[in-house]
């Protein structure tokens, strides 16, 4: 290898061979070629081969360097294109940002104009309100001068406090307290209504028992009258004189029984009158309960049901008294039949029709008084 060829093979400590240096030295080597022609003749062919080989290597390396340079040039052109594209994109982005900024500034300016206009309108409106308020205050001052107000507190949440105003929490506590008081009052009224119902149930049961006992008495009296009729029919044929005495006694017993029935009917009428008064008191108490407890619809419904039951029981008592009057009417008819049978007896017993007539009169008075009481 020739000295100085280390730079041709990529020695890092030497400068690389460039084409510019080769071109600059070619003009200098032209004059030297005539002097070195004789040297080529003396050199051997082996040295020429080595030189040719070195030249080939240099040419290959030069091709590689040219290829690398071309590749670097292509890469640089590609990078330049990429940079141009990026620059164009950045320019477009800058234009868009500038346009957006201008639009935003325009919108902001329009918003400022709108707000300034609204502020102007609100200022005019506020000025109008101020003028109206001044006019209202002036008119109110004139009105107050004409009609002075008494020295009373404006707020009356707490009486005797001079106008103390309660908070929402205190108002809520008062509302809860009033609701609790109303609930307790409803409970007391419901308890009174229940006690009232229990008392009236007991009283109605007692009246019902008395009515049933009167009905049983009427049935027994009816049976006795039937027996008397049968005995009168039998004894009228067999023993007229004795039968007249027995008839007198039986008529007297009948008059006593009729008197008892009359007294029982009178007691029944008195009890019915008491029931009427109690029902009237019940209606008054129901009216008071209805006025005091307007919100308790269920309690009012129960009171209505109790009053309806009371009216039904009174209706039953009326029907029983009507049945009593009918039974008294039957007794009256039976006594009339008895009087007719007695009138057919001999004249020796003239006192008997008188007693029978008195019994008839007393019996005639009985059904008249009973319907009036009913």
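Residue numbers (this note's numbering): 27 to 400. Here a beta-carbon is modelled for each residue, glycine too, at the ideal position from N, C-alpha and C.
Collapsed DSSP secondary structure at residue i in the structure displayed
i, result
"residue 372", "At residue 372, the pLDDT of 41 sits below 50, so the modelled position is not reliable and the matter cannot be decided from this model."
"residue 307", "helix"
"residue 384", "For residue 384, the pLDDT reaches just 44, beneath the cut-off of 50, and the residue's location in the model is therefore unreliable, although a value from the coordinates is still provided. Helix at residue 384."
"residue 249", "helix"
Buried or exposed (CB count within 10 angstroms, at least 16 for buried), residue i
i, result
"residue 226", "buried"
"residue 108", "exposed"
"residue 245", "exposed"
"residue 251", "buried"
"residue 138", "exposed"
"residue 120", "exposed"
"residue 233", "buried"
"residue 123", "exposed"
"residue 237", "buried"
"residue 73", "exposed"
"residue 204", "exposed"
"residue 258", "buried"
"residue 230", "buried"
"residue 210", "exposed"
"residue 240", "buried"
"residue 159", "exposed"
"residue 254", "buried"
"residue 372", "Caution applies to residue 372, whose pLDDT of 41 falls short of 50 and renders its modelled position unreliable; the value that the coordinates give is listed next. Counting Cβ neighbours within 10 Å, residue 372 comes out exposed, since fewer than 16 surround it."
Which listed residue (the options) has its alpha carbon closest to that of residue i
i, options, result
"residue 286", "257, 247, 275, 117", "247"
"residue 307", "216, 222, 170, 194", "222"
In chain order, which continuous runs of the alpha helix (DSSP H) of length 4 or greater are located wholly inside the segment 147-234?
Counting whole runs of 4 or more residues, the segment 147-234 contains no alpha helix (DSSP H) stretch at all.
May I have a chain-ordered list of the beta strand (DSSP E) segments no shorter than 3 residues that lie completely inside the segment 72-123?
As far as the segment 72-123 is concerned, it has no whole beta strand (DSSP E) run of at least 3 residues.
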